[in-house]
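Take 1471 as the starting number for the sequence shown in our numbering and just add one per residue.
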Amino acid sequence: MRLVLLLVLSLLLTISLVVFPDIADQELRVEAFGWIFETRQGAFIAALLAVLFVLWLLRLLVRALFAGPGTVWRSVRVGSRKRREARLRQGLTQWLDMRGDFGGKALGRCKGILPDWVMEMLKILGVPAKDQQVLPDRDDALVIALSARIATDPSAKMKPDLATRKAHLEAWLNVHPGAPLALSRMAEVAEEEGDWARVVELLEAEWKQGHRSAHSVKPRLTAAYIQLAGIQPEQAMGYLRKAYRLLPHDHDVLLAYGEGLITHGEQATAQRLWTGCLEQHSYIDVAQALLGIQKVDAMRAYRKLEGLKETGMTVAQRWLRAELAHAAKLDGLAFEQMQGLAEGECCFSAWKSLAGWYHENGDYEQAADCYKRSLDLALAVLPKKQLDAVDNN
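Right, here's the structure in full:
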């Protein structure tokens, strides 16, 4: 550092003398002990810097002679190697854990060095995910983390079994506590195991630490809350309220939360919740759940919907209105409203309801035709999972 400072100072003085040649050409006179020394200022400064450099070099050589050539060589070689190895280890740690700039800056300073532990990492890189072994704690931490990362890669064609992947992740977190990527993959393993309490714990930790965005974590977290509500009935409403606060407009959350309210004797609250939802969203699932409540007093519920303008109603509200009319024995209005909804909106739920009504009336030909139309629409517009749900209903 001192050598660099002297070199910078020399450069600045040289530039100054070049920029101001008049100063360099001025005479310098020194009188001491009867001696008179005359020269130019530029030459004097250059000579002074040269003398200082020679003195520094002589000092370095004397220290090297007293220390011996072997000591000097080891000091230079080992010191530089340790620094570069430490930078390489830091860069690889950041890359494995997905921290910071993923080790780009640190790895850029490590050219020309390849320690023994890097060779172990290179050997691990050539092993497929399914053949990665869980390494003991006495092995190098980077090698353990790399092996676990390869073994738990979600894009791997052949993955180890669930227990092996979990063991890899536990070993990874043991040597690199709090590694964001390891925590993320551990949450996925917990979801596969059905350990929903662990899923909630990991997802909440990732979210609080800023490793996951709210957009990515909320759907998974609400699904975990709903699962926990089913597993732990005594704490169900607490979990369902958390899920509702996260995604108040998700129909799965609304259904689960409303059913929880009904289970705890708050049917009126659930009815208001689902009614308000249908005013903004056309969720047929919510309309079906609300129908189960309002069938008890179908005529009263129908009158409330009858007063609404059809242009301002959602498809789910119109479907619910027609179902309530049928439940209130207003068959003429019910068939007319449901037929208009089925043909005008191409609503497969409306065709399915018509099919059921015709079947009740013994008109099997019309029922079969409505079932066919409902199935055609379902095949055309629904994803496979929703289609399975329709078939189950």
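Where is the CB? At the ideal position from N, CA and C, for every residue including glycine.
Buried or exposed: which applies to GLN1787, given that a residue is buried once 16 or more other Cβ atoms fall within 10 Å of its Cβ?
-> Its Cβ being crowded by 16 or more others within 10 Å, GLN1787 is buried.
>> Using C-beta distances below 6 Å, list every residue in its chain close to PRO1630, excluding the 5 sequence neighbours before and after it, in chain order.
In response: Contacts found: LYS1600, ALA1621.
I'd like to confirm the pairing. Which residues does DSSP put opposite TRP1789 in its beta bridges? In DSSP, TRP1789 forms no bridge with anything.
Helix, strand or coil at THR1563 [DSSP, three-state]
Under the three-state reduction of DSSP, THR1563 is assigned to helix.
Worksheet item: Would DSSP call GLU1497 helix, strand or coil?
Response: Here GLU1497 sits in strand by DSSP.
For ARG1742, does the three-state DSSP call read helix, strand or coil? In this structure, ARG1742 counts as helix in the three-state DSSP scheme.
So, with DSSP's three-state summary, where would you put THR1622? Residue state, collapsed to three classes: coil.
Note down the Cα distance separating ARG1544 from LEU1558, rounded to an integer number of angstroms.
Low per-residue confidence applies at ARG1544: pLDDT is 45, beneath 50, and the placement is therefore not dependable, though the value from the model is reported in the following sentence. Across the structure, ARG1544 and LEU1558 are spaced so that their CA atoms are roughly 20 Å apart.
Check whether the Cβ atoms of HIS1796 and VAL1756 sit closer than 8 Å, and answer yes or no.
No, Cβ-Cβ distance for HIS1796 and VAL1756 is not below 8 Å.
_For the alpha helix (DSSP H) containing PRO1689, name the first residue and the last one._
Note, PRO1689: alpha helix (DSSP H), 1684 to 1701.
task = With a 10 Å radius around its C-beta and 16 neighbouring C-beta atoms as the bar for buried, classify MET1656 as buried or exposed.
result = It is buried - the Cβ of MET1656 has at least 16 other Cβ atoms within 10 Å.
Problem set entry | Sequence-distant residues of the same chain with beta carbon closer than 8 Å to THR1784, five excluded per side | Cβ neighbours of THR1784 within its own chain (closer than 8 Å, five residues either side excluded): LEU1748, GLU1749, GLN1750, HIS1751, SER1752.
*Hey, out of ILE1754, ARG1711, SER1480, GLY1700, whose CA is closest to ALA1516's CA?*
That would be SER1480, whose Cα lies nearest to the Cα of ALA1516.
Margin query: Assuming the contact rule is C-beta atoms closer than 8 Å, ILE1754 and TRP1789 should be a hit. Round their C-beta distance to whole Å, please.
Written below: Right, the Cβ-Cβ distance comes to about 6 Å (below 8 Å), so this counts as a contact.
Option in ALA1850, SER1819, ASP1492 with minimal Cα separation from CYS1840: In terms of Cα proximity to CYS1840, the closest of ALA1850, SER1819, ASP1492 is SER1819.
message = To the nearest angstrom, how far is the alpha carbon of SER1455 from that of ALA1740?
response = Here the chain covers residues 1471 to 1863 and nothing more, so residue 1455 does not appear.
| message | Let me check understanding here. Comparing Cα to Cα, which of ALA1615, THR1733, LEU1725 lies closest to GLY1746? | response | Per the Cα distances, LEU1725.
Is it the case that the Cβ atoms of HIS1691 and LEU1716 are separated by a distance below 8 Å?
The question names His, but residue 1691 is Leu in the sequence shown. Closer than 8 Å, so yes.
(message) Quick check: is any heavy atom of the ligand GTP less than 7 Å from the C-beta of SER1823?
(response) Because no ligand of any kind appears in the structure shown, any question about the ligand GTP cannot be addressed here.
| task | Kindly indicate which three-state DSSP category ARG1569 falls into: helix, strand or coil? | result | In the three-state reduction of the DSSP assignment, ARG1569 falls in the coil class.
#### Entry: Integer-rounded CB distance, given that TYR1772 should sit under 8 Å from LEU1794
With 8 Å as the limit, LEU1794 and TYR1772 qualify as a contact, their Cβ atoms being about 4 Å apart.
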